[in-house]
Amino acid sequence: MLSETHFLLDSNIVASRLHMNPKPSCRARWAAPLVMAVFFGHPSARAGEGPFFITYTHQMEEPGNLELTTKNVIGKPEGGNRFIGSALEFEYGVKGWWTTELYLDGQVTGGDSTLFTGYRWENRFRALLREHWINPVLYVEFENINGADKSLLEVVNNDAASDWVAPNSDARLEKKRELEAKLILGSYVKGWTIAENFIAEKNVKHAPFEFGYAVGVSRPLALAARPERCVLCPENFQVGAEMYGGLGTHDAFGLRDTSHYVAPTMSWTLADGPAFKVSPSFGITSASAGFLLRFAVSYEISQFGRAGERLLRGARGGK
Amino acid sequence: MIAIRRLIPSVLGVVLLFAFSPATRARIGSLVLQAPPKTATMKNPMAGQERARHAGAKLFSRECAACHGDHRQGGVTKAPPLNQPEVYDAAPGALFWVLRNGALQLGMPSFAHLPEAQRWQIVTYLQDPAAGSPLERPRAPHGAASATSR
Numbered sequence: 001m002l003s004e005t006h007f008l009l010d011s012n013i014v015a016s017r018l019h020m021n022p023k024p025s026c027r028a029r030w031a032a033p034l035v036m037a038v039f040f041g042h043p044s045a046r047a048g049e050g051p052f053f054i055t056y057t058h059q060m061e062e063p064g065n066l067e068l069t070t071k072n073v074i075g076k077p078e079g080g081n082r083f084i085g086s087a088l089e090f091e092y093g094v095k096g097w098w099t100t101e102l103y104l105d106g107q108v109t110g111g112d113s114t115l116f117t118g119y120r121w122e123n124r125f126r127a128l129l130r131e132h133w134i135n136p137v138l139y140v141e142f143e144n145i146n147g148a149d150k151s152l153l154e155v156v157n158n159d160a161a162s163d164w165v166a167p168n169s170d171a172r173l174e175k176k177r178e179l180e181a182k183l184i185l186g187s188y189v190k191g192w193t194i195a196e197n198f199i200a201e202k203n204v205k206h207a208p209f210e211f212g213y214a215v216g217v218s219r220p221l222a223l224a225a226r227p228e229r230c231v232l233c234p235e236n237f238q239v240g241a242e243m244y245g246g247l248g249t250h251d252a253f254g255l256r257d258t259s260h261y262v263a264p265t266m267s268w269t270l271a272d273g274p275a276f277k278v279s280p281s282f283g284i285t286s287a288s289a290g291f292l293l294r295f296a297v298s299y300e301i302s303q304f305g306r307a308g309e310r311l312l313r314g315a316r317g318g319k
Numbered sequence: 320m321i322a323i324r325r326l327i328p329s330v331l332g333v334v335l336l337f338a339f340s341p342a343t344r345a346r347i348g349s350l351v352l353q354a355p356p357k358t359a360t361m362k363n364p365m366a367g368q369e370r371a372r373h374a375g376a377k378l379f380s381r382e383c384a385a386c387h388g389d390h391r392q393g394g395v396t397k398a399p400p401l402n403q404p405e406v407y408d409a410a411p412g413a414l415f416w417v418l419r420n421g422a423l424q425l426g427m428p429s430f431a432h433l434p435e436a437q438r439w440q441i442v443t444y445l446q447d448p449a450a451g452s453p454l455e456r457p458r459a460p461h462g463a464a465s466a467t468s469r
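Same order as they appear, the protein sequences are chains A and B. Going by this note's numbering, the first residue of the first sequence is number 1, and it counts up by one from there. Going by this note's numbering, the first residue of the second sequence is number 320, and it counts up by one from there.
Structure representation (structure tokens):
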């Protein structure tokens, strides 16, 4: 039902459309300051996992930390309208070897509409507990999105720019309930981060297995940190490049009619604060979009789990 | 659909096997003692360098203080204090190894994503008993740009 609901900027309209009670309940009265305190009254950590948008490295979220990220992509398919696809990401470190993430996807298409397109829940498990020259991570995701989703968090099978031309009213009718698995391989070599992802995706109802890949390499501008606190220190910047694309299905595996992109990437992490990422992506096959611009902002809250626990205990104890 | 149904138990099996494996549940005493013997011979290329210590303090406040405390005193989480003789006297290579590998089963993350130079800067800071809190920031040398973010 939620996936059918258009995003509306006016919260009163949202409340009336969703038949919400405008009068806050007793629980809501203390919940709002509680959430605000957890978010803003607790030290932030250094956000960001390098400059990649599509490629995962083997870096896991620190246990207890919550990272909030908004990942956006702007594109204009041939014969279609310009769009902004957006994914709001909540990444939480459950254990040192287990990270879980929830994505809420939405999009805005010029001359068309704005809508919520679904959610994804992913889990990453680090297979080896110590650091090796190559480090495997197992990724499992369930996604419940519709055909209008344009967050473009991966490319598989014969995903093409022409898929984004259909009007939202038609595209949203297509339901995609899919399981996705990735094998993530990552290495750190003399300051360089190298990562390779192999993707297999399967619609839970029908359709064959679909495959894709993503590879990336990045490096900070400086390997040693400067002693002074600074916003523009070179070690706060990472530059790199990633390449990703589809590999067909298990019936028709290969590069035929698939999309592939090459994307230089850059991230800038403020000390104890947010991280910003930007990446222009260039399509290199006829099925790809010519150009996509990706950008993201992240903010990490240190020990979110413990802070929430303490505040809840305090709230209960105070009653 | 049938293929997916077959796949789900396998995926769950792998996850559960991993989650409850002996390696995951293992408890270790001092992480420094877990370091391989060859790390004892590794030299800190930045040992004794004032700039490295200040940079290490800055990195500590970003990466470590949330768990180990602003003054390395521990107790913020289950993370142990680091203002201890065991840390000051440890082989630098052993501390470097701990930073690289972490102890994922105990909740300490790996800091392998930091370049080697930055990990040595943290080791330099950790092994200085006289080093104060990383919050007592050094002034930017020679008028270099500096900004506080807290």
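Ideal Cβ placement from N, Cα and C applies to all residues, glycine included. Note that the structure is predicted; figures quoted are calculated from it, not measured.
Alpha-carbon to alpha-carbon, residue j and residue i
i         : j         : result
Gly426(B) : Ala171(A) : 44 Å
Ala413(B) : Ala376(B) : 19 Å
Pro280(A) : Ser349(B) : 46 Å
Glu209(A) : His432(B) : Correcting the residue identity first, residue 209(A) is Phe in this sequence and not Glu. Their backbone Cα atoms lie some 33 Å apart in a straight line.
Thr114(A) : Arg372(B) : 51 Å
His260(A) : Phe253(A) : 15 Å
Leu312(A) : Asn158(A) : 48 Å
Gln403(B) : Leu232(A) : 34 Å
Pro400(B) : Gly75(A)  : 50 Å
Lys277(A) : Gly290(A) : 20 Å
Glu228(A) : Arg370(B) : 9 Å
Phe83(A)  : Leu423(B) : 41 Å
Cβ distance (whole Å) where residue i is taken to contact residue j below 8 Å
i         : j         : result
Asn81(A)  : Gly106(A) : Actually they do not touch by this definition, with Cβ atoms about 16 Å apart.
Thr70(A)  : Ala296(A) : 6 Å
Pro434(B) : Leu223(A) : 4 Å
Phe52(A)  : Glu235(A) : The Cβ separation is near 18 Å, so there is no contact.
Arg130(A) : Trp97(A)  : So it is not a contact: roughly 11 Å between Cβ atoms.
Ile54(A)  : Glu154(A) : 6 Å
Ser298(A) : Glu67(A)  : 6 Å
Arg226(A) : Ala374(B) : 6 Å
Which listed residue (the options) has its alpha carbon closest to that of residue i
i         : options                                       : result
Glu143(A) : Tyr103(A), Phe53(A) and Val156(A)             : Tyr103(A)
Ala263(A) : Ser169(A), Thr114(A), Val215(A) and Phe237(A) : Val215(A)
Glu300(A) : Gly283(A), Pro274(A) and Ser286(A)            : Pro274(A)
Pro220(A) : Glu89(A), Tyr244(A), Leu185(A) and Thr269(A)  : Thr269(A)
Lys101(A) : Glu131(A), Trp133(A), Thr117(A) and Val140(A) : Before going on, a small fix: residue 101(A) reads as Glu here, not Lys. Considering only alpha carbons, the answer is Val140(A).
Glu62(A)  : Arg306(A), Asn158(A), Leu312(A) and Asp251(A) : Arg306(A)
Ile156(A) : Val165(A), Leu292(A), Glu78(A) and Ala287(A)  : Residue identity check: residue 156(A) is Val in the sequence provided, not Ile. Closest option to Val156(A), Cα to Cα, is Ala287(A).
Leu292(A) : Glu67(A), Leu152(A) and Arg313(A)             : Leu152(A)
Ser187(A) : Ser162(A), Val137(A), Cys233(A) and Ile199(A) : Val137(A)
Lys175(A) : Arg229(A), Tyr119(A) and Asn135(A)            : Tyr119(A)
Ala449(B) : Tyr407(B), Gln353(B), Lys362(B) and Thr358(B) : Tyr407(B)
Glu78(A)  : Ala160(A), Ala207(A), Phe90(A) and Thr193(A)  : Ala160(A)
Leu88(A)  : Lys150(A), Ile134(A) and Leu128(A)            : Lys150(A)
7 Å CB neighbourhood of residue i in its chain, flanking five on each side removed
i         : result
Val204(A) : Arg177, Glu178 and Leu179
Ala148(A) : Gln107, Leu115, Thr117, Asn168, Ala171 and Arg172
Asn420(B) : Ser429
Glu196(A) : Leu185 and Val215
Gly245(A) : Val155, Gly212, Tyr213, Thr258, Ser259, His260 and Tyr261
Asn65(A)  : Ala45, Gly93, Glu300, Ile301, Ser302, Gln303 and Phe304
Sequence-distant residues of the same chain with beta carbon closer than 6 Å to residue i, five excluded per side
i         : result
Ser86(A)  : Asn72 and Gly106
Ala409(B) : Val351
Val239(A) : Met266
Cys386(B) : Val395, Thr396 and Ala398
Residue i CB to nearest heavy atom of the ligand COA below 8 Å
i         : result
Asn402(B) : In the structure shown, the ligand COA is absent, as is every other ligand, since no ligand is present at all.
key: Uninterrupted alpha helix (DSSP H) stretches inside the segment 382 to 445 of chain B (no shorter than 4 residues)   = Every alpha helix (DSSP H) of 4 residues or more that sits fully in the segment 382 to 445 of chain B is shown, in chain order, as 384 to 387, 404 to 407, 411 to 420 and 435 to 445.
task = Please specify which runs of the beta strand (DSSP E), each continuous and at least 3 residues long, are wholly inside the segment 66 to 95 of chain A, giving them in chain order.
result = Here the runs fully enclosed are 66 to 75 and 83 to 95.
request  = May I have a chain-ordered list of the alpha helix (DSSP H) segments no shorter than 4 residues that lie completely inside the segment 96 to 158 of chain A?
outcome  = As for any alpha helix (DSSP H) of minimum length 4 sitting wholly inside the segment 96 to 158 of chain A, there is none.
ask   = What are the uninterrupted segments assigned as beta strand (DSSP E) that are 3 or more residues long and contained completely in the segment 233 to 263 of chain A, given in chain order?
value = The qualifying runs are 237 to 249.
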